[in-house]
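Reviewing the structure listed below.
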Amino acid sequence: MLELSVCIGSSCHLKGSYNIIQLFQQMIEENALHDKIDFKASFCMRKCQSSGVAVSINGMVHHLQPETAREFFKNTIMPIVK
Ligand code: FES
109 MLELSVCIGS SCHLKGSYNI IQLFQQMIEE NALHDKIDFK ASFCMRKCQS
159 SGVAVSINGM VHHLQPETAR EFFKNTIMPI VK
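Take 109 as the starting number for the sequence shown in my numbering and just add one per residue.
Structure below.
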């Protein structure tokens with residue numbers, strides 16, 4: 109089970125974490141990945157200074173822009189769970 113979490117701390121919220129959460133939920137739905145991805149929102153990951161929203165995959169933090177989140181899901185998350 110892949111552990112995926114998106115930061116909803118105030119800094120990431122301002123950078124668009126809500127949009128990323130919506131998009132990831134939609135992608136999980138479309139690809140029927142509920143039993144493969146444990147998706148959560150998380151409090152501040154202490155990476156606020158980085159540009160982009162903090163997204164953790166199995167404990168490893170990446171920084172995403174809402175505009176590139178769909179591509180990131182396809183190119184980085186899908187290959188791990190498929
Ligand atoms: S608010 Fe997201 S890392 Fe701090």
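Think of the CB as a built atom: it goes at the ideal place given N, C-alpha and C, for glycine as much as any other residue.
Please report the distance separating the alpha-carbon of residue i from that of residue j.
i	j	result
K190	C156	31 Å
S159	V114	14 Å
I165	L110	7 Å
When the distance is taken between beta carbons, is residue j closer than 7 Å to residue i?
i	j	result
P187	N127	no
I145	L172	no
M135	F180	no
Let me confirm a value: residue i is counted as buried when at least 16 other C-beta atoms fall within 10 Å, else exposed. Which label applies?
i	result
K148	exposed
G117	buried
L141	buried
Please classify residue i: does DSSP put it in a helix, a strand, or coil?
i	result
S150	strand
A140	coil
M135	helix
S158	coil
If you measure from each residue's Cβ to the nearest non-hydrogen atom of ligand 1, which ones come out under 5 Å, in chain order?
C115, G117, S119, C120, C152, M153, K155, C156, A162
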